[in-house]
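Residue numbers (the working numbering): 81 to 499.
As structure tokens, then:
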């Protein structure tokens, strides 16, 4: 979040410009994204500023390196990365204009001209593997290298995303991916999300992205707080105890009853990503007493992350996005039944857990298989290479009313933190 100032400047300029270049990024450009980070680096690092010729996303740099195509103007840039993070859109001819970036800061003058206005979906070839990299990787020289896409979007493909399903990548933070048909979205611009991009996930469909800035990181923070006194112990004892804290918290929190008077927390300990990103927001826990236990606080944090997920889902539904199922993927979805059951209870929807432990790698392999000509469409690769689902968490209806009351308190707490 070091580039908050730069993101604020981009947002202010976009709102006063003849074209709002943030309109396909939910109307709010994030400090986590391409241009804000690039401008921050150019301002703060003189060495980079003096030498920099172009800017490139990680997923584009890797494919450029593997194919030997290192001329910035010729790199096949990812539609997924450019659309979700770089304000690229076909309707305004690619990236924002050079005049826009010059007005933002003269340091950016010329950089946009060194990016191709054409972007490519992840099912297309970026080029062929070079001899150098074939030797280093132990792969045949000349095989196709697919255009890069972002990790969460690849994970959604690997998890089996289809129209009207949401894939929730649950780890330190979360990324929620939905694909909708062009007919469903039409000309609608959805505010407050992290982008809607034609072909960013599956070619021919509109990819929608949302997410939370902290999920597992919130649990890790509480573990670190509880671990403070461990530094007084010998290393071997410290490691043994530290490794048990989260599992013990999960076990004890799962046994606690759900009541209308429970602690309620905000999940904004690392700001808010969606809906309507704001990295300056802070977290809070309300209802603490001298009798409050560590497990009760942990339970409130788990429920806060689930409430944040519900706020995202409700926002998308209010904007007309249809979602008939949810697919969970990522470390927490595989490791914590308590968290996933709580999430299902609070969302009120079943959650299918993808078998694939490396869903992003599997999704990338599916895209590569299409680029290599083994399949005609990403959907065909999904059907053939998909690994299916391991478990389904079903919402427990007896908790619904109590969670509705706690969710209402969560929303009120959020409104208070905004003021």
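For each residue, glycine too, the CB sits at the ideal point set by N, CA and C.
How far does the alpha helix (DSSP H) with residue i in it extend, from its first residue to its last?
i           : result
residue 458 : 458-465
residue 91  : 84-96
residue 448 : 439-451
residue 296 : 296-306
residue 120 : 114-124
residue 138 : 138-147
residue 423 : 417-427
residue 231 : 231-239
residue 328 : 315-335
Just to confirm my understanding: we take residue i, look at its own chain, exclude 5 residues before and 5 after, and list those with CB closer than 8 Å. What are they?
i           : result
residue 341 : 367
residue 219 : 209 and 213
residue 343 : 365, 366, 367, 368, 372, 376, 377, 379 and 380
residue 123 : 86, 129, 185 and 187
residue 482 : 338, 339 and 340
residue 262 : 278, 284, 285 and 286
residue 465 : 442, 445, 446 and 449
Can you name the start and end residues of the beta strand (DSSP E) that residue i belongs to?
i           : result
residue 249 : 245-250
residue 260 : 254-260
residue 434 : 431-434
residue 342 : Note, residue 342: premise wrong, no beta strand (DSSP E); not H, not E.
residue 471 : 469-473
What residues match up with residue i in a beta bridge as DSSP calls it?
i           : result
residue 277 : 287
residue 490 : Beta-bridge pairing links residue 490 to no other residue.
residue 158 : 200
residue 351 : 349
residue 169 : 174
residue 366 : 344
residue 292 : 254
residue 264 : Residue 264 is not bridged to any residue.
residue 358 : 352
Compare the beta carbon distance of residue i and residue j with 7 Å and say whether it is the shorter of the two.
i           : j           : result
residue 96  : residue 357 : no
residue 380 : residue 345 : yes
residue 146 : residue 451 : no
residue 189 : residue 196 : no
residue 192 : residue 206 : no
residue 202 : residue 462 : no
residue 234 : residue 444 : yes
residue 275 : residue 105 : yes
residue 408 : residue 392 : no
residue 353 : residue 291 : yes
residue 325 : residue 306 : yes
residue 495 : residue 418 : no
residue 117 : residue 83  : yes
residue 295 : residue 254 : yes
residue 249 : residue 410 : yes
residue 469 : residue 434 : yes
residue 103 : residue 269 : yes
residue 271 : residue 107 : yes
residue 385 : residue 298 : yes
Enumerate in chain order the residues of its own chain whose CB-to-CB distance from residue i is below 6 Å, with the five nearest sequence positions on each side excluded.
i           : result
residue 475 : 424, 425 and 428
residue 236 : 247, 257 and 281
residue 230 : 160 and 161
residue 242 : none
residue 101 : 94, 167 and 176
residue 363 : 346, 348 and 349
residue 436 : 238, 442 and 467
residue 473 : 420, 421, 424 and 431
residue 455 : 449 and 461
residue 134 : 152 and 194
residue 165 : 113 and 114
residue 489 : 344
Under 7 Å Cβ to Cβ from residue i, same chain only, skipping five residues before and after it: list those, please.
i           : result
residue 150 : 144
residue 168 : 162, 174, 175 and 199
residue 309 : none
residue 139 : 158, 161, 228, 229 and 230
residue 153 : 194 and 196
residue 493 : 344, 346, 364 and 366
residue 260 : 243, 285, 286, 288 and 401
residue 404 : 244 and 245
residue 390 : 426, 427 and 487
Using a Cβ-Cβ distance cut-off of 7 Å, determine whether residue i contacts chain C.
i           : result
residue 394 : Protein chain content of the structure displayed is limited to a single chain, and chain C is not contained in it.
Exercise for the section: Can you check the stretch 172-226 for any alpha helix (DSSP H) of at least 4 residues that lies completely inside it and give the ranges in chain order? Expected result: Whole alpha helix (DSSP H) segments, 4+ residues: 178-184 and 211-217.
Practice task
Taking only runs that begin and end inside the stretch 371-408, name each unbroken alpha helix (DSSP H) of 4 or more residues, in chain order.
Solution key: Whole alpha helix (DSSP H) segments, 4+ residues: 374-398.
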